[in-house]
Each structure stands twice: as C-alpha cells, then as structure tokens.
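Under full-length UniProt numbering, think of the first position of the sequence shown as 1, with each following residue one higher.
C-beta atoms are modelled at their ideal positions from N, C-alpha and C, and glycine is treated no differently.
Small disclaimer: the values here were computed from a predicted structure and weren't measured.
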Amino acid sequence: MSVLQKELLFIKMGESNNYRKLFDKELKGHYKKIIYFKGEDIIKEGYRDEYIYYLDSGKVIIIKKDKKGDEYSIGYVMQDEFFGYSSYFELPEIATYKALNGCIIYAVDAIYLRRKIDESKELRKLAAHIVMNSVRTQGNRNSMLMLNDAKEVLLNFVLENVQKFGRIEANGDVSVEFDVNMGDISKALNLTRETVSRIFSSLKRKGIIETQRKYIRIRDMNGFLKQFRE
C-alpha cells in the first residue's frame, strides 16, 4: 500500500467535525444533551418530532418492520452525523431510530434551528452541506444493505469505521477498535453472528486481518480492498 493510498484512505481520520462548537455559538439554550442506553428508541416511526439530532458518540440503527412485524435495518448513523431531519419539515419519521449501543446525542430545537438558518447565509450553507452529505451517506448504506452480499456489506462497514476511527501503526498495519460487538454489527447489517464470524475467520486464515474482541488489525490493506472485487 503506497503512501498516497494511505493518505487518500485516511483523509477523514482525526477530522472530527466538532459541531459542538456550532451548538455553543449559534444554538446555545436551544439544544439538550441526552444519553440513550443500548436498545432505547430515539425516534419512533410515524412520530412527528420537535428535534433534529446530532450523534456525539455511539451508533444508531435505522429500523423498519416487514409484513410479519419483524424488524430489519435500512441503515445506521455513526459518530459526528445528524439525523431526524423530518422534524425540520414538520413531517413524521419514516423509520425508527434506536440506539445500537450507548449513545450521547444532542437534540436541537428544529423550529429554532429553522429560524436561525433563515437569518444566516453562512449557517444555511453549512446546513445544506450537512444534509447533502447525510442523504448521500445514508443512500450508500441503504444500497449496500440491499445488495444481499454479506461479505461486501460487512467489509464496507469495517472500512467506514477505519476511515472514522482507524490509525496506522508503526509497522504500516491499520487498526481500529469498534464501539459495538459482533451481535450489534450483525443487527445493523441484517446478518447473522455466524455469517460475520465466518467472514472474519476467512480473512484471518488468509493473513489479511487479525481480530481480538472489538479490535481489528488489517495486516494487508491491498488484500482487504481486493475482497470487494472477489
């Protein structure tokens, strides 16, 4: 893996958007910090909420129900991302948002935010950028989940976490520590634990990765990326 490839792969590493500064500057007194426990509903499908949410830490799963009433994932939200935009347009949510693990979330008053955006050209540009990125990101995740390709879905999830939280070790290996366990990953990706375990085991046998609980070390990044084409 060349230096340039590593630079391109980790262009997002260490770049927390840190929207908390925005809250303190523009939205002081009009947001609240909430802790959600694993499995707790944040927004329910069909509910017309009063807040737009920013995920400060943790992961959120986006859930729908099939005709039998069984839940399935249509996407997920990661740290430093916003969700719950329906409230901005005073519309009900089309899915349920649930804490995949313990989460710290900032809930922003949607009516006040809309008024601030109308008053500020700079804030309006930032909001447009955030929404466009969110729509693109969630569209990509939803498309991945619809692929019915377990390995590609899982590897894409790993790569997203590497880009956000990964680090390059002194020997050139790439490592990332997950904030969710294998069961959580399985639920977010509509996979069984056995399938996730089998894919990771196959990559370990090939010498591509090493795993330990919530920790993954990628020993061969070129080999890892080639898995998307196999």
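Considering only His30, Val174 and Phe200, the residue with the shortest C-alpha distance to Glu152 is Phe200.
Excluding residues up to 5 positions away in sequence, Glu177 lie with their Cβ nearer than 6 Å to the Cβ of Tyr215 in the same chain. Around the C-beta of Lys98, 16 or more other C-beta atoms lie within 10 Å, and the residue is accordingly described as buried. A residue is called buried once 16 or more other Cβ atoms fall within 10 Å of its Cβ, and Thr192, having fewer, is exposed. Going by beta carbons, Tyr53 and Ala188 fall outside the 8 Å limit.
The shortest C-alpha to C-alpha distance from Asn190 to any of Glu45, Arg20 and Ile63 is the one to Ile63. Residue ranges of uninterrupted beta strand (DSSP E) with 3 or more members, entirely inside the segment 141-203 and ordered along the chain, are 174-177.
Per DSSP, Asp66 is not a residue of any beta strand (DSSP E), being assigned neither H nor E. Looking from the CA of Ile35, the closest CA among Val60, Glu26 and Gly29 belongs to Val60. Following the DSSP letters along the chain, one finds Phe224 inside the alpha helix (DSSP H) bounded by residues Met221 to Lys226. In the three-state scheme derived from DSSP, where H, G and I count as helix and E and B as strand, Ser120 is classed as coil.
Put simply, the backbone Cα of Thr96 is about 21 Å away from that of Ile130. Between Leu155 and Phe228 the beta-carbon gap is near 6 Å, inside 8 Å, which marks them as a contact.
Ranked by how close their Cα comes to the Cα of Ile185, the residues Tyr31, Gly58 and Phe23 have Gly58 in first place. When Ile117, Leu27 and Thr137 are compared, the shortest CA-CA separation from Ala128 is found for Ile117. For Ala95, the three-state secondary structure derived from DSSP is coil.
Look at Gly39 here: in three-state DSSP terms it is coil, with no helix or strand label.
It is roughly 30 Å from the alpha-carbon of Gly207 to the alpha-carbon of Gln79. Ser87 places its beta carbon 8 Å or farther from that of Asp56. Taking C-beta separations shorter than 8 Å and ignoring five residues to either side along the sequence, the partners of Arg114 in its chain run Tyr88, following chain order.
Of all alpha-carbon atoms in Ile74, Gln163 and Ile111, the one lying nearest the alpha-carbon of Arg141 is that of Ile74. In this structure, Ile209 lies away from Arg198, with their beta-carbon atoms at least 8 Å apart.
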